[in-house]
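Visitor: After the structure tokens below, expect a handful of questions from me.
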Amino acid sequence: DQPEINEYLKYQRTIRELKDENSHLRDEMVNLRKSLKSQSSEKNQYRREDDIIQIEQMYSAQISKCRQEYDEQIHKLQLRIKELEDWNENHQEDELRKTMEVQKEVDEVDKDLLSQELEQANNKLNWYSEKLKEYINLQTNIDSLILQNKQLENDLQLEQQNNKLNLERINQNEEKILQLQQDIVQLHSNKNHQEQQTDNNNDDVDDDLNRLLSEERQRCDALAADNDSMFHLLEETRSQNLQIENNLREKFQDDIQNKDKQIEQLTSQINSLQDQFQKQINLQKNEQETFDEQINNLREEIQTKQKQIDME
Numbered sequence: 196d197q198p199e200i201n202e203y204l205k206y207q208r209t210i211r212e213l214k215d216e217n218s219h220l221r222d223e224m225v226n227l228r229k230s231l232k233s234q235s236s237e238k239n240q241y242r243r244e245d246d247i248i249q250i251e252q253m254y255s256a257q258i259s260k261c262r263q264e265y266d267e268q269i270h271k272l273q274l275r276i277k278e279l280e281d282w283n284e285n286h287q288e289d290e291l292r293k294t295m296e297v298q299k300e301v302d303e304v305d306k307d308l309l310s311q312e313l314e315q316a317n318n319k320l321n322w323y324s325e326k327l328k329e330y331i332n333l334q335t336n337i338d339s340l341i342l343q344n345k346q347l348e349n350d351l352q353l354e355q356q357n358n359k360l361n362l363e364r365i366n367q368n369e370e371k372i373l374q375l376q377q378d379i380v381q382l383h384s385n386k387n388h389q390e391q392q393t394d395n396n397n398d399d400v401d402d403d404l405n406r407l408l409s410e411e412r413q414r415c416d417a418l419a420a421d422n423d424s425m426f427h428l429l430e431e432t433r434s435q436n437l438q439i440e441n442n443l444r445e446k447f448q449d450d451i452q453n454k455d456k457q458i459e460q461l462t463s464q465i466n467s468l469q470d471q472f473q474k475q476i477n478l479q480k481n482e483q484e485t486f487d488e489q490i491n492n493l494r495e496e497i498q499t500k501q502k503q504i505d506m507e
């Protein structure tokens, strides 16, 4: 402890001071003796003892004072040493007592129980560590799933918009086909009306004209049948498109991995149907132009024959 260390340092410092003082006194005594010896050496050898006694008597006060101071310092040192020894003994006893108490507490501890508690604490620590890792992994997976879900929702919205646009295109194509059907029906009606007028006014039209009209009628009927088939195909495509969209909504979670493939197939199917519709519309336009040209030729031929009949 810090107080004990300070006390020990103070003790060491006092010892050094006492040693220095003792050395100083010893040097003073040596010097004094040297001085006495030097003074006595000058005198007669026979009077040396008397001189020494005289000198001692002369400096008796100083010598007594030095001896007294020396004895006092020695006594103080002895008391201080005794005090420090007692303190050190008590301190050692206290330290030994504390050490024995700690050792007793350590000896009284159940080693097996302590080992079991440490093992249980270690197991709990490992368990919490594993749970923390699982939680971190789970949180990471949840964040990833949230991002995937947002992306899938965006993809589904985009797909619904595309399906809506495709349905609008199909409706537009249906309207065009219906308009073409109406035009064909009107054209067929006009042709029948013209045939009826031709039959009423021209009983002598030759077989070639009748055959031409019959072929044109068959072609118009075939074109109308093709339009009905195309309309039915559009209805089926529209129904399939709606069914695919409903299936995508119902099986969104289960079929998420096949979503891109289904979208690609649907897009390909729609593109293919659009190509077929466009080709069929172009074909109908070409046939309509050909039919109009044939009708015009037929009218011209009828008018020519009518003129011939009138001339005859």
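So in our numbering, spot 141 of the sequence shown is number 336, and the numbers just go up one at a time.
Backbone N, C-alpha and C define an ideal beta-carbon position, used for all residues, glycine too.
Here the structure is a predicted model, which means the values were calculated and not measured.
Taking all protein chains shown into account, decide if Asn481 is buried (16 or more other Cβ within 10 angstroms of its Cβ) or exposed.
Guide: If you number the sequence shown from 1, residue 481 lands on position 286. The residue is exposed, with fewer than 16 neighbouring Cβ atoms inside 10 Å.
Visitor: If you count every other CB in all the chains shown that lies within 10 Å of the CB of Asn361, and 16 or more means buried, which is it?
Guide: On the sequence shown, residue 361 is found 166 positions in, with the first residue counted as 1. Burial call: buried.
Visitor: Please return the same chain residues whose Cβ sits closer than 6 Å to the Cβ of Leu213, not counting the five positions on each side in sequence.
Guide: The count along the sequence shown starts at 1 and reaches residue 213 at position 18. Contacts found: Leu272.
Visitor: Output yes or no for whether 7 Å exceeds the beta carbon distance between Glu216 and Gln263.
Guide: Translated into positions along the sequence shown, residue 216 becomes position 21. Translated into positions along the sequence shown, residue 263 becomes position 68. No, they are not a contact pair.
Visitor: Who are the near neighbours of Glu370 in its chain, counting only those whose CB is closer than 7 Å to its CB and skipping five residues on each side?
Guide: Residue 370 sits at position 175 when you count from the first residue of the sequence shown. So the list is empty, once near-sequence residues are dropped.
Visitor: By how many angstroms is the C-alpha of Glu354 removed from the C-alpha of Glu348?
Guide: Position 153 of the sequence shown, counted from the start, is the residue given in the question as residue 348. Position 159 of the sequence shown, counted from the start, is the residue given in the question as residue 354. Cα to Cα, Glu348 sits roughly 10 Å from Glu354.
Visitor: Nearest to Met253 by CA position, among Glu280, Gln367, Leu227, Ser434, is which residue?
Guide: Position 58 of the sequence shown holds residue 253. Minimum Cα distance to Met253 is reached at Leu227.
Visitor: Report the residue from Asn358, Lys328, Met224, Ala256 whose alpha carbon sits nearest the alpha carbon of Asn441.
Guide: Walking along the sequence shown from the start, residue 441 turns up at place 246. Minimum Cα distance to Asn441 is reached at Asn358.
Visitor: To the nearest angstrom, report how far apart Ile345 and Trp322 are at their CA atoms.
Guide: As a working note, residue 345 is residue 150 in the sequence shown. As a working note, residue 322 is residue 127 in the sequence shown. According to the sequence displayed, residue 345 carries Lys and not Ile. If I take the Cα positions, the gap works out to 34 Å.
Visitor: Please report how far the alpha carbon of Val225 lies from the alpha carbon of Ser218, in whole angstroms.
Guide: Position 30 of the sequence shown holds residue 225. Position 23 of the sequence shown holds residue 218. Taking the straight line from one Cα to the other gives about 10 Å.
Visitor: With distances taken between CB atoms, is the gap from Thr209 to Arg275 smaller than 7 Å?
Guide: In the sequence shown, counting from the first residue as 1, residue 209 sits at position 14. In the sequence shown, counting from the first residue as 1, residue 275 sits at position 80. Going by C-beta atoms, Thr209 is nearer than 7 Å to Arg275.
Visitor: In its own chain, which residues sit with a C-beta less than 6 Å from the C-beta of Leu373, not counting the 5 before and 5 after it?
Guide: Here residue 373 corresponds to residue number 178 of the sequence shown, with the count starting at 1. Answer for Leu373: no residue qualifies.
Visitor: Measure the C-alpha to C-alpha separation of Ser310 and Lys319 and round it to an integer number of angstroms.
Guide: Here the question's residue 310 lines up with position 115 in the sequence shown. Here the question's residue 319 lines up with position 124 in the sequence shown. C-alpha separation (whole angstroms): 14 Å.
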